[in-house]
Amino acid sequence: MSHSGGSSVEYAGDAGRERTFLGHPLGLFVLFFAELWERFNFYGMRALLIFYMTKWFMFEDKFATTSYGAINGLIYATPLIGGMIADRMLGYRRSIVLGGILMACGQFGLLSAGLNILPNSKWTFYTCIAFIVAGNGFFKPNISTMVGTLYKQGDPRRDGAFTIFYMGINIGAFLSPIICGIIGERYGYHYGFGLAGVGMVIGLLCFTLFTKHLGERGLPPVSATAAGGGGLAKSMLLYGGIIAFIPIGAFLVSEPHFVEAYAAPIIGFAFIAYILWEAFRSSKTEREGTLVVVILTTFSIAFWAFFEQAGSSINLFTDRHVDRTVFGWEIPASAFQAVNALFIVLLAPVFSVIWLRLGRVGRDPSSAMKFVLALVQLGLGFVALVLAAKQAEGGAKASLLLLLLAYFFHTTGELCLSPVGLSMVTKMAPTRLAGLLMGMWFLSAAFAHVIGGKLAGYSADWGYSKLYTVIFVTSIACAVLLLVIYPIIKRWEKARIESHNDHAGAFPVVAESKKRA
Numbered sequence: 001m002s003h004s005g006g007s008s009v010e011y012a013g014d015a016g017r018e019r020t021f022l023g024h025p026l027g028l029f030v031l032f033f034a035e036l037w038e039r040f041n042f043y044g045m046r047a048l049l050i051f052y053m054t055k056w057f058m059f060e061d062k063f064a065t066t067s068y069g070a071i072n073g074l075i076y077a078t079p080l081i082g083g084m085i086a087d088r089m090l091g092y093r094r095s096i097v098l099g100g101i102l103m104a105c106g107q108f109g110l111l112s113a114g115l116n117i118l119p120n121s122k123w124t125f126y127t128c129i130a131f132i133v134a135g136n137g138f139f140k141p142n143i144s145t146m147v148g149t150l151y152k153q154g155d156p157r158r159d160g161a162f163t164i165f166y167m168g169i170n171i172g173a174f175l176s177p178i179i180c181g182i183i184g185e186r187y188g189y190h191y192g193f194g195l196a197g198v199g200m201v202i203g204l205l206c207f208t209l210f211t212k213h214l215g216e217r218g219l220p221p222v223s224a225t226a227a228g229g230g231g232l233a234k235s236m237l238l239y240g241g242i243i244a245f246i247p248i249g250a251f252l253v254s255e256p257h258f259v260e261a262y263a264a265p266i267i268g269f270a271f272i273a274y275i276l277w278e279a280f281r282s283s284k285t286e287r288e289g290t291l292v293v294v295i296l297t298t299f300s301i302a303f304w305a306f307f308e309q310a311g312s313s314i315n316l317f318t319d320r321h322v323d324r325t326v327f328g329w330e331i332p333a334s335a336f337q338a339v340n341a342l343f344i345v346l347l348a349p350v351f352s353v354i355w356l357r358l359g360r361v362g363r364d365p366s367s368a369m370k371f372v373l374a375l376v377q378l379g380l381g382f383v384a385l386v387l388a389a390k391q392a393e394g395g396a397k398a399s400l401l402l403l404l405l406a407y408f409f410h411t412t413g414e415l416c417l418s419p420v421g422l423s424m425v426t427k428m429a430p431t432r433l434a435g436l437l438m439g440m441w442f443l444s445a446a447f448a449h450v451i452g453g454k455l456a457g458y459s460a461d462w463g464y465s466k467l468y469t470v471i472f473v474t475s476i477a478c479a480v481l482l483l484v485i486y487p488i489i490k491r492w493e494k495a496r497i498e499s500h501n502d503h504a505g506a507f508p509v510v511a512e513s514k515k516r517a
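The following block contains the structure:
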């Protein structure tokens, strides 16, 4: 996530005097390892979460999947607040450290509950998750922003830096479901959560012990440290707000239907209504550019709601109905959460070459067309899951190859859609609405998780075969609908790019995988 303030140019001024490795400032590798271990922490927890709820607390599938969606929705919503607090009060560094501490507390709280150090109750679970949600809000947006502060605007190394940074994200996301998943399912979920917490502590150590390589980047804004700036009062307000959020967050986690039925729809409709109101007050090309962002963001919500079945209904289906035995060893279901990250690492360079070569001959698909391709491939992945579910309904265990095929298509779909999202917003958004539309793009992931959790709950009533058939049909229908309106979107995109090209630079373009953002 990008934040305003122009600090990246100021901080990058010392780049010529910095020590480098592989042509990049050493600070990049400090952030690389901190983020790798934070993602190890997050995806380790995520891999075990649905099983912890259904097997430890014995939640019914419908409640567990809805809770899963609400938890991840909150996790993807809080970075908007964490980013603003960093910009105006804490600075990126303190926000990252605070976020890491809160997340580690949440993970170690789950470990302590399993060891009966804390009450092993639902409310301990809800409270620990609230710590993780709050911590993610402080950590996630600000460490990504700090990567940008290492380089001046226009520095040709910037894109390569983010490629290295996101490789760290995917390494963490690949390793944690395997390590935390195996430990958690074999020896106790609390040990898996504890191991995830250890990963977060390692990430914090990587960040705090080597901050000298970051220079003065990420320090609190001058307005927050100036004499008479009310620093003590602001600090008390901040930490008081965090303390107040924990019980509120715990309540929202304990009442996922409230998030699904009230909080998400009200916030979503209000957000869209305001954006449309602003759009129709704008010039013709600005209005059309804003509508392109709104339309494609809506389709992205559908994509991610279906895609994120991976951590809920697909995880449960894998555990209950897939033959996971390979060479006589049964692979824990949670370990399959690493498959997507593995495919990302293997296929991202391939897709990068494909888009580059198509671009050289003028055949690179537009943003909207890549969204169409993504939805089609996502649908194909659910065809594989329908076939697997049919096998299970016949009394046999579903083929592991069908599960892997589904993950393959889901990943290729992700690689078509995810990298173009932020780029699309930066190109289409009017300057005065750029921050708002960027916020909408990130917030759409939160809505997608809430919807995805609701969808996953239907597996209890419909069965997996019907659920995945409905998702397949809906995904293809979305692709067809987007294809129908594609000529209009393409015309609006072209007009927006040709008019006010200077407005497209409101945010740096960063190609990233959404689920790692």
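Note that the numbering used here has the sequence shown beginning at 1, numbered continuously upward.
Ideal Cβ placement from N, Cα and C applies to all residues, glycine included.
Since residue i is in the alpha helix (DSSP H), which residue starts that stretch and which ends it?
{"i": "Phe271", "result": "264-279"}
{"i": "Ile179", "result": "158-187"}
{"i": "Trp462", "result": "459-462"}
{"i": "Met146", "result": "122-149"}
{"i": "Ser112", "result": "91-114"}
{"i": "Met369", "result": "367-393"}
{"i": "Thr297", "result": "284-307"}
{"i": "Pro349", "result": "338-360"}
{"i": "Tyr518", "result": "Residue 518 lies beyond the range of the chain shown here (1 to 517); nothing can be said about it."}
Quick check: the Cα distance between residue i and residue j, rounded to an integer number of angstroms?
{"i": "Leu49", "j": "Lys454", "result": "16 angstroms"}
{"i": "Lys494", "j": "Val383", "result": "35 angstroms"}
{"i": "Ser334", "j": "Phe317", "result": "11 angstroms"}
{"i": "Gln377", "j": "Ala456", "result": "20 angstroms"}
{"i": "Ala250", "j": "Pro332", "result": "29 angstroms"}
{"i": "Gly395", "j": "Val386", "result": "15 angstroms"}
{"i": "Tyr468", "j": "Phe245", "result": "36 angstroms"}
{"i": "Val345", "j": "Ser300", "result": "22 angstroms"}
{"i": "Asp461", "j": "Tyr189", "result": "27 angstroms"}
{"i": "Gly215", "j": "Arg93", "result": "11 angstroms"}
{"i": "Leu90", "j": "Leu204", "result": "17 angstroms"}
{"i": "Ala479", "j": "Ile489", "result": "14 angstroms"}
{"i": "Leu405", "j": "Leu118", "result": "42 angstroms"}
{"i": "Ile75", "j": "Lys140", "result": "10 angstroms"}
{"i": "Ala434", "j": "Leu232", "result": "32 angstroms"}
{"i": "Phe174", "j": "Phe280", "result": "44 angstroms"}
{"i": "Phe408", "j": "Gly381", "result": "7 angstroms"}
Residues bridged to residue i by DSSP?
{"i": "His449", "result": "None, per the DSSP bridge assignment."}
{"i": "Val322", "result": "Ala398"}
{"i": "Phe21", "result": "His24"}
{"i": "Trp329", "result": "Val326"}
Using a 10 Å radius around the Cβ and a threshold of 16 neighbouring Cβ atoms, would you call residue i buried or exposed?
{"i": "Tyr126", "result": "buried"}
{"i": "Ile275", "result": "buried"}
{"i": "Ile266", "result": "exposed"}
{"i": "Arg360", "result": "exposed"}
{"i": "Ala227", "result": "Only weak support is given to the placement of Ala227: the predicted model assigns it a pLDDT of 49, under 50, and the value that follows is read from those uncertain coordinates. The residue in question, Ala227, is exposed, as its Cβ has fewer than 16 Cβ neighbours within 10 Å."}
{"i": "Met103", "result": "buried"}
{"i": "Tyr262", "result": "exposed"}
{"i": "Glu498", "result": "exposed"}
{"i": "Arg19", "result": "exposed"}
{"i": "Gly184", "result": "buried"}
{"i": "Ala270", "result": "exposed"}
{"i": "Lys284", "result": "exposed"}
{"i": "Pro25", "result": "buried"}
{"i": "Phe568", "result": "No statement about residue 568 is possible, as the shown extent of the chain runs from 1 to 517 and does not include it."}
{"i": "Asn72", "result": "buried"}
For a test of the three-state rule: what should DSSP assign to residue i, helix, strand or coil?
{"i": "Lys515", "result": "Any answer about Lys515 is weak, because its pLDDT of 49 lies below 50 and its placement is not dependable; what the coordinates show is given next. Helix, per DSSP."}
{"i": "Ile81", "result": "helix"}
{"i": "Val221", "result": "This sequence places Pro at residue 221; Val is not what is there. Coil, per DSSP."}
{"i": "Asp61", "result": "helix"}
{"i": "Pro430", "result": "coil"}
{"i": "Leu118", "result": "coil"}
{"i": "Gly215", "result": "coil"}
{"i": "Lys152", "result": "coil"}
{"i": "Glu414", "result": "helix"}
{"i": "Arg363", "result": "coil"}
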